[in-house]
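Residues 0 to 163 in numbering that gives the first Met the number 0 are what the sequence shown lists, from first letter to last.
Every residue gets a Cβ at the ideal spot worked out from N, C-alpha and C, and that includes glycine.
A quick note: this is a predicted structure, and the numbers were derived from the prediction, not measured.
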Amino acid sequence: MIIRNWTTLLFVISFISISSALVAEYFFNLQPCELCLKQRHPYYLILICLVFIFLLKNLIKIWPYIIIQFALVYGLFYSIWHVGVENKILKGPAGCSVMLTSSESASDLKAQILSKQVISCDEVIWSFFGISAATINTIVLLVIFIFNAIYLYRNNGFKKEKNI
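Written out as structure tokens, the structure reads:
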């Protein structure tokens, strides 16, 4: 049932995921870090691919799903990295650090403060029952990755020919 309605379900999951991130940012003022923003990219690409699938009925449908699969790998990379940074296992990118370098002048220090991102990647700004948003996103992306792979295999994989 899931695989039969995969395109619609994928649209709903992606739409809810990106909508909840945007609502958290703009309505609840939960500012995302650099890794949070990168984790949104696959959802945008998935929605664009699905619009093409819905609008262009004669499109060879394997290519958008392959693009989606690569986008999911990208998203999993950043979400797993983010979970590692939150748990102090991995080091975050340079843009995720709020560390300032020593400075001789107040104007240099002010420029550093203004150019730095306010949100650090190793801080959990939102969690649900102790599970961070990055961890939830990792689980969602992993589930989508698995079901999309099953969908690709079942609809475009090698099929045994029946001997008559």
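6 Å Cβ shell around residue i - same chain, five flanking residues per side excluded
| i | result |
| --- | --- |
| I118 | Q30 and C32 |
| F144 | L71 |
| L46 | S13 |
Extent of the continuous alpha helix (DSSP H) to which residue i belongs
| i | result |
| --- | --- |
| L71 | I61 to E85 |
| I47 | E33 to L54 |
| V11 | W5 to Y25 |
| I118 | Neither: I118 is in no alpha helix (DSSP H) and is coded neither H nor E. |
| I149 | A132 to N155 |
Close Cβ partners of residue i (< 7 Å) along its chain, the five nearest in sequence each way excluded
| i | result |
| --- | --- |
| I52 | T6, L58, K60 and P63 |
| N136 | Q38 and S78 |
| K87 | D121 |
| E24 | Q30 and P31 |
| C48 | P63, I66 and I67 |
Presumed contact (8 Å Cβ cut-off) between residue i and residue j, rounded CB distance
| i | j | result |
| --- | --- | --- |
| I189 | Y42 | Because the chain here runs from 0 to 163, residue 189 falls outside it and cannot be looked at. |
| V82 | G91 | No, V82 and G91 are not in contact; Cβ-Cβ is about 11 Å, not under 8 Å. |
| L71 | N147 | 7 Å |
| I2 | V139 | The Cβ separation is near 18 Å, so there is no contact. |
Beta-carbon proximity list for residue i, same chain, < 8 Å, skipping 5 on both sides
| i | result |
| --- | --- |
| L151 | I61, Y64, I65 and Q68 |
7 Å Cβ cutoff, residue i in contact with chain D
| i | result |
| --- | --- |
| P92 | Among the protein chains of the structure shown there is no chain D, as only one such chain exists. |
Cβ-heavy atom distance, residue i to the ligand MN, below 6 Å
| i | result |
| --- | --- |
| S16 | No copy of the ligand MN appears in this structure; indeed no ligand is present at all. |
DSSP beta-bridge partners of residue i
| i | result |
| --- | --- |
| F127 | I130 |
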